[in-house]
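Let me begin by presenting the structure, written as structure tokens, before commenting on it.
In full-length UniProt numbering, the protein residues as written are 1 to 331.
Written out as structure tokens, the structure is:
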């Protein structure tokens, strides 16, 4: 019997209509378009302004987009994984609610949280279910409503993040396409450098935590940047070495869209030509769990069956990793 690999067979995406441009941020905090663009590569980001809608809405829309494109019966989905750092609420799973809303009535569902590496880790998780032979269709969603946890008086963070959602479908493949290898890492030393201090079990919500604005993302930008540049490039180079891939063998670099300088450093370490490096950070900013699937959706038509894709991500915690995947279809 041929070995079962987990192949991506469909992608979907959704971004909100409302745009927050660098020019608009100039009137909100002490910054300017040139400063933001030079340091991050970001020109604008999308914001889900409706206060009644949470991250599940972004994920549901992305999943519906995939279902429509694939002409998929959602009742055939076995599992829904929802990668997110901004669940709708504590305890009640965003994935479970999403599965019900999209009609995945026969699926079980749960959330995955590894900050900006959530979707990458989710790819590994989805693939393991497929490779077990017990599951035929696993829907992996990555979405975040980052605007819900960003302090728009803090120029260190408000210039970076945006809202969005993406989805991919994993199915079994016996022709050698799909996920080939993974190299996933984590280090708890990073906990202090990128975090939301309040709202968890250590520091529950109180009037004091609200007054001190401790429910928003805070980061030590220089430390995070240093770790991200070093580690994202390192795992990407290692996965190439382990699979005997040269820069000529790699068709596309699918890197987490946190900062263009980090992406450029990773590509340089891999010796990947710029035309193989997929970028959409200028339009969306850092959408956390949605960056990788949004890249797949935006550039899907450029991928050819058999293309070698190297994914790379880095997130708070710290979490980081790289995945090598062979693309399974022509659009």
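Glycine residues also receive a C-beta, built at the ideal position from the N, C-alpha and C atoms.
Per DSSP, residue 171 forms a beta bridge with which residues?
For residue 171, which the question treats as bridged, DSSP gives the partners 7.
In this structure, does DSSP put residue 231 in helix, strand or coil?
Reduced to three states, the DSSP call for residue 231 is helix.
Just verifying my parser: in three-state terms, what is the DSSP assignment at residue 310?
In this structure, residue 310 counts as strand in the three-state DSSP scheme.
Would residue 145 pass as a contact of residue 285 if the rule is Cβ separation under 9 angstroms?
No, these two residues do not count as a Cβ contact at 9 angstroms.
Among the residues of its own chain, which have a CB less than 8 angstroms from the CB of residue 225, if the five just before and after it don't count?
If the five residues before and after residue 225 are omitted, its C-beta is found closer than 8 angstroms to the C-beta atoms of 259, 261, 262, all from its own chain and listed in chain order.
Rounded to whole angstroms, what's the CA-CA distance from residue 92 to residue 123? Just pull it up for me.
Between residue 92 and residue 123, the C-alpha separation is close to 22 angstroms.
For residue 188 and residue 316, I'd like the C-alpha separation in whole angstroms.
So the two alpha carbons sit approximately 9 angstroms from each other.
So the beta strand (DSSP E) residue 79 belongs to, where does it begin and stop?
Where residue 79 is concerned, the enclosing beta strand (DSSP E) starts and stops at 79-83.
Helix, strand or coil at residue 2 according to DSSP, with G and I counted as helix
Three-state DSSP puts residue 2 in coil, outside helix and strand.
Out of 96, 264, 190, 4, point me to the one whose CA is closest to residue 112's CA.
It is 96.
Does the pairing of the region 36-44 with the region 6-23 give three or more beta-carbon distances under 8 angstroms?
Yes, since at least three Cβ pairs between the region 36-44 and the region 6-23 fall closer than 8 angstroms, the two stretches touch.
Is it buried or exposed for residue 50, if we count other Cβ within 10 angstroms and need 16 for buried?
Its Cβ having fewer than 16 others within 10 Å, residue 50 is exposed.
Round the Cβ separation of residue 256 and residue 322 to the nearest angstrom and send it over; I've been treating them as touching at under 8 angstroms.
With 8 angstroms as the limit, residue 256 and residue 322 do not qualify as a contact, their Cβ atoms being about 10 angstroms apart.
So residue 309 packs on residue 239, CB below 8 angstroms; how close in whole Å?
Contact annotation, residue 309 with residue 239: C-beta distance approximately 11 angstroms; criterion of less than 8 angstroms not satisfied.
Which ranges does the beta strand (DSSP E) cover as unbroken runs of at least 3 residues, wholly within the region 92-172, from first to last along the chain?
With a minimum length of 3 residues, the continuous beta strand (DSSP E) runs that stay inside the region 92-172 are 108-112, 138-145.
The region 231-248 in contact with the region 263-274 per 3-pair CB rule at 8 angstroms
Segment contact: the region 231-248 against the region 263-274, three or more CB-CB distances shorter than 8 angstroms; contact assigned.
Short check: CB of residue 6 to CB of residue 138, under 9 angstroms?
Cβ atoms of residue 6 and residue 138: closer than 9 angstroms.
Would you grab the beta carbon distance between residue 11 and residue 128 for me? Rounded to a whole angstrom, and I think it's under 8 angstroms.
Approximately 20 angstroms separates the beta-carbon atoms of residue 11 and residue 128; this is outside 8 angstroms, ruling out the contact.
Which same chain residues end up closer than 7 angstroms to residue 150 when comparing Cβ atoms and leaving out the 5 residues on each side of it in sequence?
Closer than 7 angstroms at the Cβ level, and outside the excluded window around residue 150, lie 157, 158, 161, 216, 217.
For residue 302, which of 288, 325, 276, 281 has the nearest alpha-carbon?
For residue 302, the closest C-alpha among the options 288, 325, 276, 281 is that of 276.
First through last residue of the beta strand (DSSP E) which encompasses residue 288
No beta strand (DSSP E) holds residue 288; DSSP gives it neither H nor E.
How far does the alpha helix (DSSP H) with residue 269 in it reach, from first residue to last?
Note, residue 269: alpha helix (DSSP H), 260-270.
Figure out for me which residue from 154, 249, 207, 192 has the closest Cα to the Cα of residue 30.
Looking from the CA of residue 30, the closest CA among 154, 249, 207, 192 belongs to 154.
Less than 9 angstroms between the C-beta atoms of residue 115 and residue 319, yes or no?
Yes.
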